[in-house]
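Just so we're aligned, residue 55 is where the sequence shown starts under the working numbering, counting upward by one.
Since the structure comes first, as structure tokens, the remarks are kept for the end.
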Amino acid sequence: MADGLDARVLAQSAWILRRATIRIDRIPVFAESLELRTWCSGVAKSVAERSTTISGDRGAAVEVEAIWVHVDPVARRPTRLPPEFHAVYRASAAGNRPRSSLRHPATPPDDSHALDWTFTRADIDIAGHVNNTVYWRIAEEYLDGAAPGAEAVALEAEYRSGIGAGPARVHRAGGMLWVSDSSGAVVATLSAEPYGPLG
């Protein structure tokens, strides 16, 4: 919302998170002094990339990249970013043109392990579907690389569609998870893999 206010485009804009990538070298520790930087690191016709870095005086180092699709709040379809947005964020994007195409396999392999999951009404956001952050709970539970305290790991979530409260199915294969609704349609995928030192 703050970005929309800065760019004076809040009333005509809505955003859908398509992909979030988190690279962790060292996670922050208790009482560590942290510096957080965030900026628009890419702009395309209807897509923007936001980068965030977290660094600490005890060695914390985390990088996050998020791909957001700009949608018409009424039609709920992707729409071009308005000139006002470009005027505010073009400079920091530095010519980078992000893509919203998905990279994860669309369906789990036949030998994947199926697990049950339940989303609650408390997981639902103002858009009427499960909040994107809730999927990370599934990753913490079922992906070793995403467990609390994990370091030197790259985590990635891709969001395909929304899901409401109720039962869901999670398929696990290696370092990947596929989250499906009650009809079997995959709504999100998550991955965890080792990652070299940042910088």
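No residue lacks a Cβ here, since even glycine has one placed at the ideal position from N, Cα and C.
Distance cut-off 7 Å: I76 Cβ against heavy atoms of the ligand MG: The ligand content of the structure shown is nil, which means the ligand MG is not present either.
Between R214, E210, V240, G229, which lies nearest to R223 when the distance is taken from Cα to Cα? Checking every option, the nearest Cα to that of R223 belongs to V240.
Top-ranked residue by Cα proximity to P221, from S155, T172, D164: For the residues S155, T172, D164, the minimum Cα distance to P221 belongs to T172.
If you draw a straight line from the C-alpha of L197 to the C-alpha of E210, how long is it? In a straight line, the C-alpha of L197 is about 11 Å away from that of E210.
Any idea if P127 is buried or exposed, counting beta-carbon neighbours within 10 angstroms, 16 or more meaning buried? The residue is exposed, with fewer than 16 neighbouring Cβ atoms inside 10 Å.
What does DSSP give as the partner residue(s) for D170 in the beta ladder? Answer is R223.
Using the rule of at least 16 other Cβ atoms within 10 Å of the residue's Cβ for burial, across every protein chain shown, is P248 buried or exposed? Classification of P248: exposed, given that the 10 Å Cβ count is below 16.
Can you tell me the Cα-Cα spacing of A39 and H183, whole angstroms? No answer is possible for residue 39: it lies beyond the span of the chain, which begins at 55 and ends at 253.
Per DSSP, which residues does I217 bridge with? Please list them. According to DSSP, which records beta bridges pairwise, I217 is partnered with nothing at all.
In terms of alpha-carbon separation, which member of P159, A85, N186, S234 lies closest to D170? For D170, the closest alpha carbon among the candidates P159, A85, N186, S234 is that of S234.
What are the boundary residues of the beta strand (DSSP E) that includes P248? Run containing P248: 240-248, per the beta strand (DSSP E) assignment.
T75 bridges to which residues according to DSSP? Answer by DSSP bridge pairing, in chain order: E119, E210.
Taking just the CA atoms, how far does R151 sit from G228? Near 31 Å, if we compare the C-alpha coordinates of R151 and G228.
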